[in-house]
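Here is the structure we will look at.
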Amino acid sequence: MNNDNYRAEYYKIKMIEPLKKTTREYRENLLKKVGYNLFYIDSEDVFIDLLTDSGTSAMSNSQWAAMMAGDEAYAGSSSFRRLENVVKKVMGYKYILPTHQGRAAENILFLIMINEGDYIPNNMHFDTTKAHITHKKGNAIDVVCDKAFNTTSEYPFKGNIDLDKLKNLIEGKGRDKIPLIMMTITCNSGGGQPASMENIKKVREIANEYHVPFFFDACRFAENAYFIKKRETGYEGKSIKEIVWEMMSYSDGCTFSGKKDALSNIGGFLALNDEKLYMKGANWLVLFEGFITYGGMSGRDMEAMAKGLEEVLDENYLETRIKQVEYLGKRLLEAEIPIIQPIGGHAVYIDVKRFLPNIPQDELPGQALAVELYLEAGIRSVEIGTVLAGRDPITGKNIHPKLELLRLAIPRRVYTNAHMGVVADALINIYKRREKIRGFKFVYEPPRLRHFLAKFQPI
Ligand code: P71
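Read in my numbering, the sequence shown has 436 at position 161, and its numbers run on one by one without any break.
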């Protein structure tokens, strides 16, 4: 069936959005005006937008058709029933609390589970997860395997939890201080890297041993399943559906952002198996999101998500998706541009410490490269480095993260490989003149989440 000689996207394009090309001079002026922060740039002025894969997917004809059937009833919407049934069928969870996006599910989960001073382990917490835990006066602890920090190791499951780190945390802090264990699949902060079924199973065993609930941050669950199928012995012959079912069966629930692997532009949910927890969550949901049969979504949003959750399990789709990310990554590797290896599921991450070794972290090399890429070809990427990491609350100094990265996140079903080729060519040109690139300094630094609203100046 999959004849490698005739590989191409398993869909065709029916509707297009024109892209505008701008001149380098125009982009230079624009950057000056907005303080060299790409978050301030209008999408009209971006040629290829790789800021995020979140909420940027192109929906299918079936998703658009389903939206017309959206039931906008306040209570008991049939669109919610469809979503609920799909989640039960695909993931096997008993209860679903619909939310407007992933972080809202995090808010509800942590409201009902965290007490002040608790510790919550995760392979690597995503920013919003960490922020919501901190907001509830908990401690977000990363317990990812050490190989995750070695950007050149080809280890296939860098999203794995280090089981010793996990056990030591539980033993060290005491089981009563650990309200839940989390695992982010795929591990976004570590480069879109998957966790293996074996590791997931072992985390389940530890959860059982200490009687601690185990939850996924399941944003990119289908991409994780695809990697398990391709990389883990014993799963070659299983369908994505079977792998997802098994993965989820080891957990007690999940937070989910429909903006990633549900191929939707908005939406999310909190799924759980425990009825008492569900009732607690339902009470908060009514306060923060809306009634339990729509949460933060309209009926049509729930329809789009329900359809997307089924479509994402199609192995042909997943192959097209992951191979496109791989295509970009391989083009960069061929030019010896340093990236996180293996190539991730939803993004290519440039290892900026190796790309711009002469710019110290205090001079924001990731930001410098993001600016350079926009200048070069109108491509928007996002810094995941010193700017994002912020300052140490005690010393007030810039935190120097182990990984200084530039993320090129690929929206699902949106760009062609010709677009990826442009991205690769632009980066190759920049790499040739990398010695000439200068660092940046803050001219305005917001007190929190500084990356969104900061303003910079070249040094
Ligand atoms: C991404 C995003 C979206 C984003 C969020 C914050 C700043 C910039 C971009 C969102 C995630 C995620 C994981 C693993 C939870 C959320 C929150 N990722 N967990 O990667 O990747 O979901 O955006 O629907 O609230 O660009 P939400």
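Each residue gets a CB set at the ideal place from its N, CA and C atoms; glycine is no exception. Note that this is a predicted model, so its numbers are computed, not measured.
- Between D451 and N443, the alpha-carbon positions lie close to 14 Å from each other.
- Approximately 23 Å separates the beta-carbon atoms of A664 and I654; this is outside 8 Å, ruling out the contact.
- Each residue's CA atom was taken as its position, placing Y285 and D589 some 10 Å apart.
- In the same chain as K369, and ignoring 5 residues on each side of it, the C-beta atoms closer than 6 Å to its own belong to N548, in chain order.
- Taking each of L305, T661 and L683 in turn and checking the Cα distance to K677, the smallest one comes out for T661.
- In this structure L593 is in contact with Y501, their Cβ atoms being roughly 4 Å apart against a cut-off of 8 Å.
- If only complete runs of 4 or more residues are kept, the region 430-482 shows the alpha helix (DSSP H) at 438-448, in order along the chain.
- S329 carries a coil assignment under DSSP once its states are collapsed to helix, strand and coil.
- Counting C-beta atoms within 10 angstroms of its own C-beta, R596 has 16 or more neighbours from the protein chains shown and is therefore classed as buried.
- Taking 8 Å as the cut-off, the Cβ atoms of I503 and M523 do not count as close.
- For G604, DSSP assigns no beta-bridge partner whatsoever.
- By the criterion of a C-beta distance shorter than 8 Å, K598 is surrounded in its chain by R282, once the five residues flanking it on both sides are discounted.
- In the DSSP secondary-structure assignment, E347 is not bridged to any residue.
- Shown here for Y553: same chain residues with a beta carbon closer than 6 Å to its own, the five before and five after excluded, namely Y370 and L547 in chain order.
- The DSSP-derived three-state label of N397 is strand.
- Counting the other Cβ atoms within 10 Å of the Cβ of N474 gives 16 or more, which makes it buried.
- Per the C-alpha coordinates, the member of I288, Y315 and P293 positioned closest to L728 is Y315.
- DSSP places P373 in the strand class (E or B) of the three-state scheme.
- In this structure the region 685-703 lies against the region 318-338, because at least three pairs of beta carbons, one per stretch, are closer than 8 Å.
- Pairing S526 with F496 gives a Cβ-Cβ distance that is not under 8 Å.
- Two segments are said to touch when three or more pairs of C-beta atoms, one from each, lie closer than 8 Å; by this definition the region 641-650 touches the region 705-714.
- A check of alpha carbon separations from S656 across G671, D667 and R682 identifies R682 as the nearest.
- With a threshold of 16 other beta carbon atoms within 10 Å, I436 meets it and is buried.
- Cβ-Cβ distances below 7 Å link I481 to L438, L441 and K442 in the same chain, with the five nearest sequence neighbours on each side left out; the list follows chain order.
- Only exposed fits G512, as fewer than 16 other CB atoms lie within 10 angstroms of its CB.
- Between the region 561-571 and the region 372-386 there are three or more C-beta pairs closer than 8 Å, enough to call the two in contact.
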